[in-house]
Every structure is written in C-alpha cells, then in structure tokens.
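Single-structure report; data block below.
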C-alpha cells in the first residue's frame, strides 16, 4: 500500500505549491483545488487505498463524492467535520463505492487542512497530538455532523488561516500556528461527547506512543515484547500501563489494530480476500477467516459483502 510520507509528496502531481508556505502545513479551499484540475488526474492519484504521514482536518460545507476512511464510507455530506490521523487507510471515489468510470465531481465546498506535528513548537510527535486531541485517535469516528452555528464558528477560524497563508506577512507562521491550535481545541470541545477525554498521566502517554508505533507499521504487526523494546521499557511495564489506561491487555490492543487494518483493506481494496490474508501475515486463508470472525463475528466475505456488495 502506498504511504505518502509528507505533504509535498502527496500533492506531487496535483499542486506544485503544496509546501510554499510550510513543508509541515497546507490549507486550500476545495473549490479552488478542483476548479482547474483534471478530474481524472485527481481520481488516479487518490482513488486507491493509501496512507499519509500527516494529520487532516476537512471542513465540508457540501460534497456528493464518496470518501472512505478506515472501515467507514461517507457521501452526500453537509456541514461536516472530518479528522484523519497519520497512517489511517484512506481512499476517494473508490470503485467499490462508485460505478466504474465515475469521476470526482466539482460541487465540493469547504476547506482542507493538512499538517505534521513538526509544525508546532511544543507538541512534535503524532502520539502527543492524539493524546491532547482524542478525536484523532483511530478508534473514534472520523466524521462529526455540526450545527450550522458550530460549523460557522470553526469555519471562521479556517478562513482566517487561509487568508493568512494566501497573504503572508510578518510572523505569519506563528499566526497560523496559533489559529490551528485554537481550531483543534474548538474541535475538542465540540467532540467531547463523542470521545474519551485523555488524561495526562504516564500510563496514557505510554499507551498513546504504543498505539502510534502499531499504526505506523504497514501491516507488519509486532509482539508486545518487540514494541516494548522499541520504547525502551519492559514488556511487563508496557502491559501494566496499557491495562491501567484502557482496561485492555497490550496484546488485545494489537489485535484491535490488526482487525481495523483488515477491515480497511476489505472495505476499500479490490484485492481478493486470499491476497489480503497474505498481506495480513496469514499464509492459510482459513486461519485469517477464523481470526477475523473470532474478533468481529463475521467472516471476511460477510464483512465485505455488507460493506460493498462483493463476495470475493
């Protein structure tokens, strides 16, 4: 699966000025983005399941296109907020969801914001972002339907960021950075009923870093001992922290991420289930089927059929 490490690489064939303001921050209006670009070019770049090494916030006034984020599919949305974390599986207008030959429409309106933790001066790791702003955790819903009043409130901040980037002046980076932090805290406030409020204790911080390490491995899931080694702590201490922070074992967290990755591939990819099983590390398809059903209650075929109508 393709992984785009940075913003410039992501827009390599789409927007030559993607990093003109900062290599760690990008903002555009969707209407400007699609207006002068070939729909086939956008479809070619983003239709296949892929991962990105940066965060995304999308404020969408309206959109009739289809977006796939993890196991979720969204289309025909209005006044909606989307949040996507690094290394989540994403695709747009995948042929699983649209008839063959359909292309991105140009009726999308709103603002797209991409950023890497390096854009900030104090919060510089992805897991720190997820710790401070729990709506970025991959087990939370990536979409929030907002009232028009709340949507207008956050859109005003996004508009101010956009204006600052388009007309940079003295200390523009600091101004945009401040607006982005305010926007993130506004979203945190709006999403507080939908997410678990993070704590700042040591157990939660270690668990957040542990989950980040799991997410950045592109289908290569390690053991608790191997993750603990990467974090320079003992497996026993890692397991203790995860248990106190989540109520789950460290191994069950790994399994949760593994299942989520399998669901994303089954939902967004056109690969045969047997090929997905191999990508997940299962040489025997029957073992993959048992693993998936044990953890979801459905076979891979049943899950794919429910999501896409396909059975292979």
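Numbering (full-length UniProt numbering), first residue to last: 1 to 312. Ideal placement from N, C-alpha and C gives every residue a C-beta, glycine not left out. Owing to the predicted nature of the structure, the values given are computational and were not obtained by experimental measurement.
Closest residue to residue 137 among 87, 239 and 235 (Cα-Cα distance): 87
Nearest candidate by alpha-carbon position, reference residue 177, set 276, 119, 50 and 58: 119
Residue 3 classed as buried or exposed, judged by whether at least 16 other C-beta atoms fall within 10 angstroms: exposed
8 Å Cβ cutoff met for residue 313 and residue 238: Shown here, the chain extends from 1 to 312; a query on residue 313 therefore has no answer.
8 Å Cβ cutoff met for residue 49 and residue 84: no
Endpoints, the beta strand (DSSP E) within which residue 26 is located: 25-29
Nonlocal neighbours in the same chain, by C-beta distance under 6 Å from residue 273, ignoring five residues either side: 300
Assigned exposure category for residue 170 - 16 Cβ within 10 Å defines buried: exposed
Sequence-distant residues of its chain with Cβ nearer than 6 Å to residue 18 (five each side left out): 7, 8, 11 and 26
Expected contact under 8 Å - CB spacing of residue 324 and residue 276 to nearest Å: The structure shown does not extend to residue 324, since the chain is modelled only from 1 through 312, so no value can be given for it.
Whole-angstrom distance between residue 69 and residue 303, CA atom to CA atom: 16 Å
For residue 220 and residue 191, the rounded distance between their alpha carbons: 31 Å
Sheet register partners of residue 119 (DSSP bridge): Answer is none; residue 119 lacks a bridge partner.
Counterpart residues of residue 72 in DSSP-defined beta bridges: 69
Beta-bridge pairing of residue 145 - partner residues as DSSP gives them: 80
Residue 116 to residue 124 span [Cα, whole Å]: 8 Å
Beta-carbon proximity check, residue 113 vs residue 29, cutoff 8 Å: no
For residue 264 and residue 128, believed in contact at Cβ under 8 Å, the rounded distance: Wrong, their Cβ atoms sit about 24 Å apart, outside the cutoff.
Which of helix, strand or coil DSSP assigns to residue 332: No information on residue 332 is available, as it lies outside the stretch 1 to 312 that the chain covers here.
Delimiting residues of the beta strand (DSSP E) encompassing residue 50: 50-52
Buried or exposed by the 16-neighbour rule on C-beta atoms within 10 Å, applied to residue 294: exposed
Inter-stretch contact (C-beta, 8 Å, three-pair minimum) for the stretch 147-161 and the stretch 181-191: yes
Residues near residue 5 by beta carbon distance below 7 Å, same chain, minus five either side: 53
Selection from 31, 130, 208 and 61 that minimises the alpha carbon distance to residue 147: 61
Extent of the continuous alpha helix (DSSP H) to which residue 259 belongs: 250-268
Beta carbon of residue 142 nearer than 8 Å to that of residue 21: no
Spatially closest choice to residue 267 from 162, 58 and 307, by CA coordinates: 307
DSSP-derived helix/strand/coil call for residue 172: helix
Cβ-based neighbour list, residue 258, same chain, cut-off 6 Å, excluding 5 preceding and 5 following: 221
8 Å contact criterion, which residue 131 and residue 204 should meet: CB distance rounded: 7 Å
Span of the beta strand (DSSP E), counted from its first residue to its last, around residue 2: 2-4
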